[in-house]
Structure formats: C-alpha cells, structure tokens
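Report on the following structure.
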Amino acid sequence: MATTRNKLSPASLYEILKLQHIIRLPRGSEEWYTAIGFIIVMGILLMSILAPWIAPHDPTKIYVGPSLHPPSPEYPMGTDLLGMDMFSRVIWGGRILLLVALISATLSMVVGSFSGLVSGYFGGAVDRLFSIIMDSLYSFPGLILAIAITAMLGPSMMNVVIAISVIYIPTFYRMIRGLVLSIREEPFVEAAKAIGAGHITIMLKYIFPNTIPNMAVVFSLCVADAILTEAGLTFIGLGPVVPPTPDWGLDLYNGWAILISGYWWLIFFPGLFITLTVLGFALIGEGLNEMYNPLLREM
Amino acid sequence: MKDVVLSIRGLKVYYKTRRGLVKAVDNVDLDVYEGEILGLVGESGCGKTTLGLSIMRLLPSNAIIAGGQILFKGKDILKIPDEEMRMIRGKDISMIFQDPMTSLDPLMKIGDHVIETYLSHMPVKVDEAKGKTMELLEKLGIEKERVDDYPHQFSGGMRQRVVIATAIALHPAVIIADEPTTALDVVTQAQILQTLRRLRDELGSSVILITHNLGIVAQISDRVAVMYAGKIVEVGTVKEIFMDPLHPYTKGLINAVPKVSPEGGELSSIPGSPPDLINPPSGCRFHPRCPYAKEICSREEPSKKIIDGRIVYCHAL
C-alpha cells in the first residue's frame, strides 16, 4: 500500500515543495517547530480576537499622543503621523488580514479539493477539462493574478477573498487529484466496490479521509502565503481596507512613504507581525509535512 | 445434481497493452452449482483472477470483454446496467480479496467496513447495521468489543475474517475467494478455510476458490476446474482430479506438488514455461510442453469432451 502511495506522491509533494520557498528548516526537529508555530499562531489569533480589550487606545483615534513619537514606555511602538497609537493599531491590525487569509484558504480548499476529488476519481473528459483550467490558472504568478482580479472587480473585502481563493484553488486541486489517482487504485477501494458501495460513498468515505493529512499541510502553507498576498495587495492599494482602519499591510504602506525621514517604527512593527504570522503558519505546515511524509525525511 | 447458479459461456476477456492484446481468458465455459466449493486452479497469470473479476465486473479499465455470457439467475450480468450490477455486488455475488493487509481502509474502523455492506443494500439505520455487524464478527471469532478498532490493530488472520465478514454479510449466492489465504501462515490458513467451509454449510452459498495451492483445493473443494493459459483444460470432482487426472497438464500440476516427507525426494515440474498470452501457441495451448503431443495438437484446438461426466479438453483422450 505504502509503495503505491509513495510512488505517485511526488506530484503532490511538488505542490508542497513549491510552497516551501517560504521557509526551509533543518530536518528532524519537526515536533518542535510545529509546536512553536502553534504557539505563534495561537498568540496572534488570541491577540486579534481580544484586541478590543487589550489595546490601550482606540486604534483610529487621532492625536492620542504627539505626532511621530518614537517608541517609549507610554507608546511602546511609537505613534504615527496623525498621533495614532501604533501599539493599538498593531494589536488590531491582524484582524481583517487573518480573516481574509483564513476565509480564502478555506474557500480554495473546499473548491480545489472537491474538483480534485471528482477529477481524479472519474478521470476521462471531466479530468482533462478541469486539469486544463487549473493548469492555466496555475501558470500565472499568484500576486499578479490577484492584482488583476481585484483591479477588475474593484477593491473590497469580498473581492479580495475571491481573488486570493482563486490563486490557491489549483494548488489544492493538483495535490488532491494526484493523491486520489493513487488512492483509487488501492485494494480497499476495489473491496468497497465489491460490496456494492456507490461512487459517492467511495469518494467521501474511503478516498477523501485518506487525503486529509496532506490537506492540513497544504492548508497551513496556503494561509501563510495568502497572508503575504493579502498584505501585498493592501500595500499597493488594492486591499480590503481603507484608512484609518488599522491593518498591517496598510500601515506598512503609510510608513513606507515617510520611511526616508527615519521613522522606522512605523514599518518595523507591522512588518514584524506579518512576518511572525507567516512564520507561524509556515512552521505548522512544514512540521506537519515532515511528520506525514516520511519520504521527505530522507531528502 | 444441484441447480446451476452461475453459468459462464464462451467468455473472452482481453487486456489492451502496448504490446498487443493479452488473451487472459479465452473462450471459457464453466458452471457453478448451488452450495458447492469450486476450486479454480492454475499457474500464476493463467487468467484465474481475471475470470473472478469479470464475474464481479470489476476488471481494470484496459480490459475488454470480447465475447461470451455470464448467466446469473437467468440474466447475463455482462449486459445489465452499472447501477443494477452495483446492487448485485456484495448482495448476490461478493468477493474476498487476496491481501487482507491492503483490502481494508487504514482510516476506517473495522466495524464500518462491514456496516458499509448493509448500508449499501438495505434501508437500515447505522445502529441496526452495527448490531448486525457485531453479531457477525462474533460468529467469525472476533470479540464484538473490537468493532471500533482500526485495521492496524488487527493481525492478518483477523483482518481476513473482517474481509470475509464484509463479503458474507448479506448471504450472497456466490462468493468469489481470490487466494484468500495466500498472505497468511499455515495455521491461520487452516482456520480461514474452516470458516469458509462452515459458512458454505450454513448459508448454502457457492464458493469459487481461486488459488494456485493444490493442497487447499484438495482439502475443501467439491469440484475443481483447472486453467491453463486462459483456458479451462479440465473440470471434475476433487477425487477425480487428484486420483485420476485426465489432462496431461493436470497430471503435471499434481506431480509438481511438493510432498511433506523427511526423505526429501525429487521436485518435479512441468518442462518449459507458460506461453505468452499475446501470441498463444496454435491449437492446444499446452502442446509445446505436453509429453503426449501429437501432430493434431498444434493444428486444432481441442473441443470439449465429456468422459464419465467429466469435462476435459484434450486430443490425446
């Protein structure tokens, strides 16, 4: 059983490896960095959820302090041009970003894995059609495609979610399709057919659960990538938010405009949190990947 | 004589390959009687499994059925729609697979495999199906507390019992057992075979036992069909086949069985090797290896001969 799965998995591993440009870590300590990833992600999620209670100031209130005040005990991350408290803005700033990234990665996962399941299981004309569509989507660089879609639909939260999910659908599709192609040849699937199980039962009860471990890996790496894409979109002004909404990507853009004058704290803290969040998800993905794919361990 | 439940007539199953058509099953006639255990024996690659899979209509996608009929309850199951065939699988005809290690889904509980058989064919609730499953597993010697275990917690013999449970849950008329004991040790083998025989006695199902192990066939079969290179060469009762084989190939096969004796003794085999099924030999497919081959054997295919109620395909008789 393991042999057939391993034989065919390079196709799906390729998907994972392609996402691994985000981060590469030494092998053998996967439990550790999965744990660290979970701690980082949990911390940031908690911070975002509890923002209204833990932020010392209203993040959109102007002149809570002097304009462009450097980090100090009173304003730990300084203040911006309009005297808004950067610390409060950073605490609030991940909410929309995370929401958009999680929703779009989930959407991609649902659409991508469903189409991959159908395509890989039935094969034939359906498979060819889906594959052509997915491959053409896949051939675009992610961010460029997202820019094109948002520019076309106009910047709003909904449209950014659509744009980002479209980018990652082929990733899920190709991974699931590859897995299904090998799982459907397993003797237990033949055995299920022999007791008279229908197509839907076989797909959902026998094949789909066997793809979940790989799906968890790709989902986590996709969230990491989606955060970067979303921050990128916001940075160039196509994001889901408008000033003065606190958002790491938006603050990064605002701070970058006046960075030349040496106000480093305006971009350092939002940037740091984007990096931390991406790192957290990537660590989880990478760690899970290591645990579930013994093949990678030897590489 | 009992009634025929399954009747195969002139079945031809070919595989499309890059090198050409592989004639895995070529013009096979076979009857399966009610409540019998029919051993189907032959060397590896002679078409036994293909024959079994065509009865289930679970052939790989590169297989083509080039002709013939498989009559079950008066219907040609090669011609009925897929959905109707699905309802037959598991309910009227079921299959026990060779390797119990891989024929269970590693992520599904033991019980769920059996429950699936009930759910696929009967309007039962999951609880009810689970109750039946526990009863059935108990009958097969697995404690009912273990329905919620996963396959990796089971030994090979126990897994094979679960596979058997899925196959017999609905008391099918025909059970195809494709080398059900190949992956097991001899003691477990004996237990599984006893179970199969007991089930036959209790349920009255017919069992087609596909195997290359003549010892197993001798032990539990009622009748034996011998296959060679995609064709049936001889059909008879166990006693007839083992005590007085007619076909030269059957003779060779029985001589080739190693005997358990402290003296050791000569290992005999049939000279030559099974033919390439893309270009099978003309005439009788066994003639290049046959010690009794005559001129006619390479020219003409032997036709069915009935000698004392036994079926044999040979020119020399």
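Quick note, the sequences are listed as chains A and B, same order.
Position one of the first sequence corresponds to residue 8 (this note's numbering), numbered consecutively onward.
Position one of the second sequence corresponds to residue 23 (this note's numbering), numbered consecutively onward.
Beta carbons: idealized from backbone N, C-alpha and C, even for Gly.
Quick caveat: nothing in here was measured; it's all calculated off a predicted structure.
Bridge partner(s) assigned by DSSP for residue i
i        : result
B:Leu52  : B:Ile30
B:Glu256 : B:Val248, B:Val334
B:Val47  : B:Val35
B:Ser228 : B:Val196
A:Asp87  : Paired residue(s): none; A:Asp87 is not in a bridge.
B:Arg111 : B:Ile115
B:Leu60  : B:Ile230, B:Arg245
B:Ala367 : In the structure as shown, chain B starts at 23 and stops at 339, and residue 367 of chain B therefore has no counterpart that could be examined.
B:Gln91  : B:Arg31
B:Asp98  : B:Leu93
B:Lys327 : B:Val334
B:Gly42  : B:Thr39
Pair within 9 Å by beta-carbon distance, residue i and residue j
i        : j        : result
B:Met156 : B:Gly133 : yes
B:Tyr140 : B:Lys131 : no
A:Ile183 : A:Ala108 : no
A:Gly287 : A:Ile43  : yes
B:Ile115 : B:Ile197 : yes
B:Lys34  : B:Val54  : no
A:Leu259 : A:Pro247 : no
A:Ile265 : A:Leu88  : yes
A:Pro80  : A:Tyr270 : no
A:Leu235 : A:Val168 : no
A:Gly294 : A:Tyr40  : yes
B:Leu199 : B:Leu218 : In the sequence under discussion, the amino acid at residue 199 of chain B is Ala, which differs from the Leu named in the question. The answer is yes: Cβ separation under 9 Å.
A:Ala112 : A:Ala233 : yes
A:Val187 : A:Ile214 : yes
Straight-line Cα distance separating residue j from residue i
i        : j        : result
B:Gly347 : B:Glu201 : Look at the range of chain B in this structure, 23 to 339, and you will see that residue 347 of chain B is not part of it.
A:Met93  : A:Ile176 : 35 Å
B:Ala240 : B:Thr233 : 11 Å
A:Leu144 : A:Ile154 : 14 Å
A:Thr67  : A:Pro59  : 12 Å
B:Gly69  : A:Cys229 : 48 Å
A:Leu160 : A:Glu237 : 15 Å
A:Gly72  : A:Leu53  : 26 Å
A:Ile51  : A:Ile98  : 9 Å
A:Ser122 : A:Phe137 : 7 Å
A:Val173 : A:Ile151 : 12 Å
B:Ala187 : B:Pro284 : 39 Å
B:Gly112 : A:Glu197 : 12 Å
A:Leu273 : A:Trp255 : 10 Å
A:Ile61  : A:Asn166 : 30 Å
A:Ile243 : A:Val249 : 12 Å
B:Ile328 : B:Thr259 : 13 Å
A:Leu124 : A:Ile139 : 16 Å
A:Gly239 : B:Lys101 : 59 Å
B:Ser325 : B:Tyr335 : 6 Å
Residue burial classification, residue i (beta-carbon count within 10 angstroms, cutoff 16)
i        : result
B:Tyr250 : buried
B:Pro267 : buried
A:Met84  : buried
B:Lys97  : exposed
B:Gly211 : Correcting the residue identity first, residue 211 of chain B is Gln in this sequence and not Gly. Counting Cβ neighbours within 10 Å, B:Gln211 comes out buried, since at least 16 surround it.
A:Ile219 : exposed
B:Gln182 : buried
A:Gly262 : buried
B:Ala278 : exposed
Same chain, Cβ closer than 8 Å to residue i, neighbours up to 5 away in sequence not counted
i        : result
B:Ala247 : Leu52, Leu60, Gly61, Leu62, Val63, Ile254, Glu256, Val257
B:Gly32  : Asn49, Val50, Asp51, Gly89, Gly90, Gln91
A:Thr11  : At A:Thr11, the pLDDT of 38 sits below 50, so the modelled position is not reliable; the number obtained from the coordinates is stated separately. The residues are Ser189, Glu192, Glu193.
B:Ser227 : Gly57, Ile190, His193, Pro194, Ala195, Val196, Ile197, Leu221
B:Lys166 : Met156, Glu157, Leu159, Glu160
Other residues of its chain near residue i: CB distance less than 6 Å, five sequence neighbours each side excluded
i        : result
A:Met116 : Phe179, Phe226
B:Lys38  : Asn84
B:Ile86  : Tyr36
B:Leu81  : Leu75
B:Met123 : none
B:Asp223 : none
B:Leu93  : Ser29
A:Met298 : Glu37
A:Met164 : Pro247
B:Ser125 : Phe119, Val185
Neighbourhood of residue i by C-beta distance below 7 Å, restricted to the same chain and skipping five residues each side
i        : result
B:Pro296 : Glu65, Gly67, Cys68, Ala251
A:Ala231 : Ile29, Val285, Phe288, Ala289, Gly292
A:Thr86  : Gly72, Pro73, Ser74, Leu75, His76, Asp92, Met93
B:Gln175 : none
B:Gly163 : Arg183
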